[in-house]
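Protein chains in written order, with the UniProt record's numbering: chain U, 1 to 124; chain G, 1 to 124. Note that CB positions come from ideal geometry on N, CA and C, so glycine has one too. These notes concern the structure reproduced below.
This is the structure in structure tokens:
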């Protein structure tokens, strides 16, 4: 699979899990994983998924508008992904723009985990 | 220096060079470097800086509004940076929002080069 195909498959899986069952994101992170979520920073699967699961919206939907990917190392198979999209939540009438960067590491068998995750709303 | 300090120093240097002398960005890239600029992809210092230098605006100014950074590897010192900002160019009355992701690799002596570079305007 190409880097673009892996990025597309990962992001579709990620946002579907986020929008339907946030606790189901846990298998994508490891103890060394890092999340920057707006101005907060988290390390490790429990802290990261604990934060995501506790976000105070009931219904949320991510729509991807752009997904760019590049190999992030000459040989080790890691992948950098930057997603731009829109976020619709609860009864909010207008979607919000967001940007999220993922850095995926391979761990054999065609599987990847999230080493870096940086999320920002586009507010200006 | 912390990852955040390196990211701040790098991005200030990068955008100052971009806004004053785009050809001066060449020392930041290597032959293995990759640039995604909107829907176009470039590899190698000549192709990347050639594209940036040929962009059809005369005067441009980047203003950083958010700059998030994380170490992108457990041990090798590489750094992932996501920048959000505004771009003012030529006589355009309204600034445009942009997002740019840099992946920096160390090469000794406190120096870094850009391995990955993904640039997108935020248009929606």
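DSSP state of residue i mapped onto helix, strand, coil
| i | result |
| --- | --- |
| residue 127 of chain U | Residue numbering for chain U in the displayed model covers 1 to 124; residue 127 of chain U lies beyond these limits and cannot be assessed. |
| residue 4 of chain U | helix |
| residue 102 of chain U | strand |
| residue 52 of chain U | helix |
| residue 28 of chain G | helix |
| residue 20 of chain U | helix |
| residue 9 of chain G | helix |
Cβ of residue i within 8 angstroms of any chain U Cβ
| i | result |
| --- | --- |
| residue 36 of chain G | yes |
| residue 64 of chain G | no |
| residue 68 of chain G | yes |
| residue 11 of chain G | no |
| residue 103 of chain G | yes |
| residue 21 of chain G | no |
| residue 16 of chain G | no |
| residue 122 of chain G | yes |
| residue 97 of chain G | yes |
| residue 75 of chain G | no |
| residue 92 of chain G | no |
Whole-angstrom distance between residue j and residue i, CA atom to CA atom
| i | j | result |
| --- | --- | --- |
| residue 54 of chain U | residue 95 of chain U | 20 angstroms |
| residue 74 of chain U | residue 86 of chain U | 32 angstroms |
| residue 68 of chain G | residue 68 of chain U | 18 angstroms |
| residue 123 of chain G | residue 62 of chain G | 16 angstroms |
| residue 52 of chain G | residue 30 of chain G | 15 angstroms |
| residue 22 of chain G | residue 92 of chain G | 20 angstroms |
| residue 117 of chain U | residue 109 of chain G | 28 angstroms |
| residue 76 of chain G | residue 88 of chain U | 38 angstroms |
| residue 98 of chain G | residue 81 of chain G | 14 angstroms |
| residue 119 of chain G | residue 19 of chain U | 27 angstroms |
| residue 15 of chain G | residue 64 of chain G | 9 angstroms |
| residue 1 of chain G | residue 28 of chain G | 19 angstroms |
| residue 47 of chain U | residue 47 of chain G | 42 angstroms |
Beta-carbon proximity list for residue i, same chain, < 6 angstroms, skipping 5 on both sides
| i | result |
| --- | --- |
| residue 66 of chain G | 84 |
| residue 24 of chain G | 17 |
| residue 101 of chain G | 82, 118 |
| residue 36 of chain U | 118 |
| residue 121 of chain G | 96, 98 |
Beta-carbon proximity list for residue i, same chain, < 7 angstroms, skipping 5 on both sides
| i | result |
| --- | --- |
| residue 90 of chain U | 57, 58, 59 |
| residue 26 of chain G | 45, 49 |
| residue 107 of chain U | 113 |
Neighbourhood of residue i by C-beta, 8 angstroms cutoff - its chain only, sequence neighbours within 5 removed
| i | result |
| --- | --- |
| residue 6 of chain U | 69, 79, 104, 112 |
| residue 115 of chain G | 30, 32, 33, 34, 78, 103, 104, 105 |
| residue 71 of chain G | 3, 77, 78, 79, 80 |
CB contact check: residue i to chain G, cutoff 8 angstroms
| i | result |
| --- | --- |
| residue 115 of chain U | yes |
| residue 6 of chain U | no |
| residue 32 of chain U | yes |
| residue 55 of chain U | no |
| residue 126 of chain U | Residue 126 of chain U is absent from the structure shown; chain U starts at 1 and stops at 124. |
| residue 118 of chain U | yes |
Quick one: any contact between the stretch 27-41 of chain U and the stretch 10-25 of chain G, if contact means 3 or more CB pairs under 8 angstroms?
-> No, the stretch 27-41 of chain U is not in contact with the stretch 10-25 of chain G.
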